[in-house]
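Trainee:
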Amino acid sequence: MLTAWAEQAEKYHNGEINREDYDKWRYNYPKYDETSGYVKVPSQQFSDALVEAFKDRLKND
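The sequence shown begins at 16 in our numbering and counts up by one.
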């Protein structure tokens, strides 16, 4: 996580990204962090709907 912040700060200081892009990244972290492996978890309602739709394919142990 700290590595991602350091990388973005370095890009800003080197002129690779402007202040607006840097602020967008840091105010919305981790949404725009492509290196963290952060993923959004689906809602419980969506998960339940998927289980219901595919329950005939699930193995019963």
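We put the beta carbon where it would ideally sit given N, CA and C, even for glycine.
Measuring straight from C-alpha to C-alpha, what distance separates ALA19 and ASP71?
Mentor: Against the sequence shown, residue 19 aligns to sequence position 4. Against the sequence shown, residue 71 aligns to sequence position 56. Distance between the alpha carbons of ALA19 and ASP71: 42 angstroms.
Trainee: For GLN59, does the count of other Cβ atoms within 10 angstroms reach 16, so buried, or fall short, so exposed?
Mentor: Residue mapping note: residue 59 aligns to position 44 of the sequence shown, counting from 1. Answer is exposed; the Cβ neighbour count stays below 16.
Trainee: Checking 7 angstroms against the spacing of the C-beta atoms, do ARG37 and TYR44 come in under that value?
Mentor: Walking along the sequence shown from the start, residue 37 turns up at place 22. Walking along the sequence shown from the start, residue 44 turns up at place 29. It is Tyr, not Arg, that sits at residue 37 in the sequence shown. Their beta carbons are not under 7 angstroms apart, which means TYR37 does not touch TYR44 by this criterion.
Trainee: Expressed to the nearest angstrom, what Euclidean distance is found between the alpha-carbon atoms of ALA24 and ASP63?
Mentor: The residue you call residue 24 lines up with position 9 of the sequence shown. The residue you call residue 63 lines up with position 48 of the sequence shown. Distance from the CA atom of ALA24 to the CA atom of ASP63, rounded to whole angstroms, is 41 angstroms.
Trainee: Can you tell me which of the three DSSP states GLU31 falls into?
Mentor: Locating residue 31 in the sequence shown gives position 16, counting from the first residue. The answer is coil: DSSP assigns GLU31 none of H, G, I, E or B.
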